[in-house]
Amino acid sequence: FAFVTFSIALKKFNFSSYSNFTVSSEKGEVKEEISFKSSNPLVLTLTRNLRILEVGGRVNWMGVSTFVSRRVELWKVMLGSSISAIILYFILSRINDGSFLVFYVLLGGWFFMIMIASAAFITEPIWLDMNVMTPEEFARYYLTSKALSIAIILSPFAILSLILGYLGDALGFIVFIPLSSIFIMSLYARYYQQRYNMPINVSPIRLLVSLLTSIPLIPLIILSFLPAYLILCLPIMFSFIVFYLTISLPFIFSKSYWESTIEKIVTSVT
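Okay, here's the thing in structure tokens:
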């Protein structure tokens, strides 16, 4: 043993080269490149959020309620929603009254929007975004792109509802659910911040936010059961549009709200 040790020492054996080794992935680290050459921050935000979708939800792991978030390519979700809409069309075309089934699909679209809203701002590198735009601009572009991605995903169901004559459900899918997402994501960002892969804590403010975020669902339920001739009535339609614009647009243009909210998010992460 002494002879072997002496021989290795003479050869200046580098033990670190043998004790440390690197295991490389079989696949490349970068699967697909996204070009960010445009100088317009809105285009950059749209490019990212219309390619990659972040979905979050609760998972019970060993008795502990934990929040997890996953990234999915938007075209895959769009493909799934299109196939589902086609299958539903063949089912509903053979049913005399499919309003209740369409209503449940509308509720499914709502809860899917909640999953997207829950994952908003969690994995976004906000401290980097602040180098190229103000908090107000970032929030406006981010929320707009998220709402647009939700509208794109739910558009097959909106087309299905329109073909079958369910005008209220069609408007809910393509207009009112995306507008509701702006309201909900804005409240979640400030008062209901989720921590990735961390246990979920229940507090009075979170319970209050949960109640507030259910408010946009009530007109949506009413709208889905209204007859078509009432939906086409301009005062009724105008009242629905004004309601959803009222709860969403103030967050889009509120400078002070997002300055304090973004600061809160960044400091809580760091």
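Numbering follows our numbering, with no gaps: position 148 of the sequence shown is 152. Yeah, the Cβ is synthetic: ideal placement off N, Cα and C, and Gly gets one too. Note that this is a predicted model, so its numbers are computed, not measured.
According to DSSP, is Leu168 part of a helix, a strand, or is it coil? coil
Where does the unbroken alpha helix (DSSP H) through Gly112 begin, and where does it stop? 103-122
Backbone CA spacing between Lys150 and Ile95 [nearest angstrom]: 30 Å
Between Ser228 and Gln197, what straight-line distance do the alpha-carbon atoms span, to the nearest angstrom? Roughly 31 Å separates the two Cα atoms.
Would you report the Cα separation of Gly32 and Ser103, rounded to the nearest angstrom? Confidence at Gly32 is low in this model, with a pLDDT of 46, below 50, so the placement of that residue is unreliable and no value is reported for it.
How should Pro208 be labelled, buried or exposed, when 16 other C-beta atoms within 10 angstroms of its C-beta is the threshold for buried? exposed
Let me know if Gly172 comes out buried or exposed under the rule of 16 or more other beta-carbons within 10 Å of its beta-carbon. Label assigned to Gly172: buried.
Check this for me: beta carbons of Leu92 and Leu164, under 8 Å apart or not? yes
When you measure from the CB of Ser190 to every non-hydrogen atom of the ligand ADP, does any distance come out below 7 Å? This structure simply doesn't include the ligand ADP, nor any ligand for that matter.
Would DSSP call Glu128 helix, strand or coil? If DSSP states are grouped into helix, strand and coil, Glu128 belongs with coil.
Flag this pair as touching only if the stretch 183-195 and the stretch 253-266 have three or more C-beta atom pairs under 8 Å; answer yes or no. yes
Out of curiosity, what's the CA-to-CA distance linking Phe25 and Ile266? Only weak support is given to the placement of Phe25: the predicted model assigns it a pLDDT of 39, under 50, and the value that follows is read from those uncertain coordinates. Straight across, the Cα-Cα distance linking Phe25 with Ile266 is about 41 Å.
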